[in-house]
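Each remark here refers to the structure printed beneath this line.
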Amino acid sequence: MNKLSEREEYEMSLYGFSIKDFKHENFQFFRNQLNKSMQFITSKFMDQIKDAKVPDTLENLTNSLNQVEFNILESTKSNIQYTVNDDVEKLLNIPENVILPTDRAQTKQFSSDCIYELEKECDELGAILLQNASFIKHLSAELNSYEIQGLLEHEDKVLLEGEKFLSLQLLEPDVLDGEEEPNVSFEDPAI
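With the first letter of the sequence shown counted as 1, position 91 gets the number 107 in our numbering; the numbers rise by one all the way through.
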């Protein structure tokens, strides 16, 4: 006996029968109906043959009726099974993407494992991000210190340049549109 898969077991508990059993029962039903029809035909001929009292004819008729029944079954077997397989599979098979109630515990476990893995990955990425941020901050501070050192080294030059600029500004009068600017003093004229 073949062991049923979880999905087949669930289908069996849900429907009360397996799909294989349904197919077999369907074929058996057809076979029984055909057998009843053949028996009815045989009984009609039997009455007429008994009246004729020909023993070989009765045996030949029975054999030929059995052969006809067998041929009908064989010729329709593939069509019946194809139709039953196709229709039953569509109607009674639960698709693979449907989560069965029996799968929920596994799904829950899978989901909690996934969440744990994602949280772990996020924590690792967060730690890497903090390391990179502190490295960038350190580089920025180091860059600033180099800029400050450069400024301190050239501080004397900068001060001299600044003094020159200021002395030039004080010595040269400001010119606006070719006219000299009036000399404005902040002293009180009354004094």
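Every residue, glycine too, gets a C-beta built ideally from N, C-alpha and C.
Predicted, not measured: the structure shown is a model, and the values here were computed from it.
Candidates the options: closest to residue i by CA position
i	options	result
M54	K36, L77 and E137	L77
Q83	D63, F151 and T58	T58
F46	I88, K19 and T73	I88
N79	K93, M62, S128 and G178	M62
H40	H170, K93 and G142	K93
DSSP state of residue i mapped onto helix, strand, coil
i	result
S150	helix
G32	coil
K19	coil
I207	Residue confidence for I207 is low, a pLDDT of 49 falling below 50, so the modelled location carries little weight and cannot support an answer.
K170	This sequence places His at residue 170; Lys is not what is there. If DSSP states are grouped into helix, strand and coil, H170 belongs with coil.
Y26	helix
L192	In this prediction, L192 has a pLDDT of 47, which is less than 50 and means its spatial position is unreliable; nothing more can be read from the coordinates.
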